[in-house]
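The sequence shown maps to residues -23 to -1, 1 to 516 in mature numbering (1 follows the signal peptide of the UniProt record, and there is no 0).
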Amino acid sequence: MGFSQRILAVICVVWITAAGVRTEDAYKYFTWTVTYGTIYPMGVPQQGILINGQFPGPQLNVVTNDNVIINVFNYLNEPFLLSWNGIQQRRNSWQDGVLGTSCPIPPRRNFTYKFQAKDQIGTYFYFPSTLLHKAAGGFGGLAIASRSVISIPYPTPAGEYTALIGDWYKTNHAVLRRWLDSGRALGMPNGVHINGRGKGLSTFKVDPGRTYRLRISNVGLSTSLNFRIQGHKMKLVEVEGSHTVQNVYDSLDLHVGQSCSVLITADQAPKDYYIVASTRFTNPVLYGVALLRYSNSRQPASGPLPPGPTTQIDWSLSQARSIRWNLTANAARPNPQGSYHYGLIKPARTITLANSAPIINGKQRYAVNGVSFMPPDTPLKLADYFKIQGVFNLGTISDYPRGGGGYLQTAVMSGQFRSFIEIVFQNDENTIQSWHIDGYSFFVAGMDGGQWSPASRKGYNLFDAVSRSTTQVYPNSWTAVLLMLDNAGMWNVRSEIWARQYLGQQFYMKVAGFAGQDEYIVPRNALMCGRARGRHTRP
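Right, dumping it as structure tokens:
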């Protein structure tokens, strides 16, 4: 080979290698250390869970299709897991970070999460799923930005912030857990925080005349919250991965586990303004307060706090119905969201899920269709993979409520891959509920008071219902959702009211895919516990 041929060969190799790098999705690497530390969310010292010394934990910012590698070191004195609220984990429930799919990270051990933000955008959060660790912190914001080649349906904001809002207890999480284990209720929280601070300490700085994106997530344990900014309107642009019709609101209700993005424009006099998150449907009403500060502000916030809604369920229900899918906007792909005509697909199955609060063995429990979930001694995914008998059985929860009292069971439902189904959440209690389905987004087709019946379908929104992963169910009401079971795995269906989740208001759905579409094989680094202890993943 002559000199010129060798040069040409080198150029070709370099070009091919570079092209390969350009076409491969990016990898983002993180190392997180989980420890206890002293925090002051309500102005008094208490033990909290820190990630890399931070409360809340580090903001996780990635781009659509990024491969995310997070090495988590657990320095607590208890097992620990992180879950990713709203991240669909395509064909990869091994990384879901809940006890039905993963062994918890033992003390002084580490585990590396590996997942892809596959075909997703939007606002989410991560949180600890074990025990009652969520009551001590360990949560943080998670944002998936669109790829640069995919347009967003609004001008690029000047910047963006995350507001993690939630109710808070001053009592240590271990004491709260003992209360629940003994049958005692948690009672009212002590306050509300915004980014881990209760009153006026979190500050969001803006320049006059510019527009900012604010990502908001309710990371609390039990309470719906109303969010508002003194003197400023909020334009809703995204809900849990869906671009929305850009309605303008004075305030927004966010129920436990829900997330959204709003645009705010600094178009008022240059000063400080109150930001308020207050509890809904509670007496008394609790408040968390932060500040919106103009960069040229010379005046502190003043006047009364901006008032929240004066009416209750009807106002909130009306607002929920006003949140609709933006049919012309692209999502993670260039095709418009409205190109998927979900309303033209006939559901192959209807599942009705009724929550209840039975007393079982003399203690308060919570149930779905009469079944109060008992965590297994071995994660369901491992038992399924290794064919370990006696851990769970499919069909241990019915598609419909059966009446009567509740009973304890490791409940697993079977889902047919690529079937389009209807799920009705029926709430006959006098408290608001919040439901989440891991691995999926669903279309919130309808919600109303009273008992659902087939005639209720006449009121469904089959055109532009918003797609999301967490939905509220109002007291003595129902909410109906539609979804395609196109994600193979073992997926957690749970109450986001954390005491209810902890005491049994959850179950798992096993969706087995077709050949070539089934779930990825067990990761080489999967932790082994329970009856899977000592097993090897593969050579």
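Don't be surprised by glycine CBs; every beta carbon is placed ideally from N, CA and C.
- In terms of Cβ geometry, residue 343 and residue 331 do not form a close pair [threshold 8 Å].
- Within 10 angstroms of the beta-carbon of residue 469 lie 16 or more other beta-carbons, which makes it buried.
- DSSP, reduced to helix, strand and coil, places residue 498 outside both helices and strands of the structure shown, so it counts as coil.
- Using a 10 angstroms sphere on the CB of residue 158, the tally of other CB atoms stays under 16, which defines it as exposed.
- Short of 8 Å from the beta carbon of residue 35, and not among the five residues preceding or following it, lie these beta carbons of its own chain, in chain order: 7, 9, 28, 29, 117.
- Contact between residue 69 and residue 101 is absent: CB atoms are separated by about 16 Å, not below the 8 Å threshold.
- Residue 90 and residue 75 have their alpha carbons spaced roughly 12 Å apart.
- A direct Cα-to-Cα measurement between residue 419 and residue 209 gives close to 31 Å.
- Of the other Cβ atoms in all chains shown, 16 or more fall within 10 Å of the Cβ of residue 240; this residue is therefore buried.
- Residue 320 and residue 440 do touch by the CB rule: their CB atoms are close to 6 Å apart, below 8 Å.
- Taking 3 residues as the shortest admissible run, the stretch 6 to 82 contains the following complete beta strand (DSSP E) segments, listed from N- to C-terminal end: 23 to 28, 37 to 40, 44 to 51, 59 to 62.
- In the three-state reduction of the DSSP assignment, residue 85 falls in the coil class.
- For residue 494, the number of other beta carbons within 10 angstroms of its own is below 16, and it is reported as exposed.
- Residues 80 of the same chain have their beta carbon placed closer than 6 Å to that of residue 506, with the five preceding and five following residues left out of the count.
- Annotation: the stretch 411 to 480 contains the following complete segments of the alpha helix (DSSP H) (minimum length 4 residues), in chain order: 475 to 479.
- One alpha carbon belongs to residue 289, the other to residue 257, and they sit about 8 Å apart.
- Of the residues 94, 42, 429, 287, the one whose Cα lies closest to the Cα of residue 401 is 429.
- For residue 314, the three-state secondary structure derived from DSSP is helix.
- Within the same chain, 402, 404, 410, 456 come within 6 Å of residue 450 by CB-CB distance, once the 5 residues on both sides are set aside.
- Following the DSSP letters along the chain, one finds residue 192 inside the beta strand (DSSP E) bounded by residues 188 to 195.
- Ranked by Cα distance from residue 235, the options 243, 41, 219 are led by 219.
- As far as DSSP is concerned, residue 210 takes part in no beta bridge.
- For the 8 Å CB-CB criterion, residue 193 and residue 181 do not form a contact.
- Taking 8 Å as the upper bound for CB-CB distance, residue 217 and residue 447 are in contact here, some 7 Å apart.
- Within 10 angstroms of the beta-carbon of residue 284 lie fewer than 16 other beta-carbons, which makes it exposed.
- Look at the stretch 325 to 357 and you find these whole runs of beta strand (DSSP E), each 3 residues long or longer: 326 to 333, 348 to 350.
- In the DSSP assignment, residue 174 falls outside any alpha helix (DSSP H) and carries neither an H nor an E.
- The alpha carbon of residue 191 has as its nearest neighbour, out of 171, 184, 139, 176, the alpha carbon of 139.
- The secondary-structure analysis by DSSP pairs residue 183 across a beta bridge with 271.
- In the same chain as residue 263, and ignoring 5 residues on each side of it, the C-beta atoms closer than 6 Å to its own belong to 168, 169, 256, in chain order.
- If you look at residue 253, you'll find it in the beta strand (DSSP E) that goes 249 to 256.
- DSSP lists no beta-bridge partner residue for residue 322.
- Between the stretch 225 to 234 and the stretch 308 to 318 there are fewer than three C-beta pairs closer than 8 Å, too few to call the two in contact.
- Here residue 361 carries a helix assignment [DSSP, helix/strand/coil].
- When C-alpha distances from residue 299 are compared across 88, 77, 442, the shortest belongs to 442.
- Around the CB of residue 200, 16 or more other CB atoms lie within 10 Å, so the residue is classed as buried.
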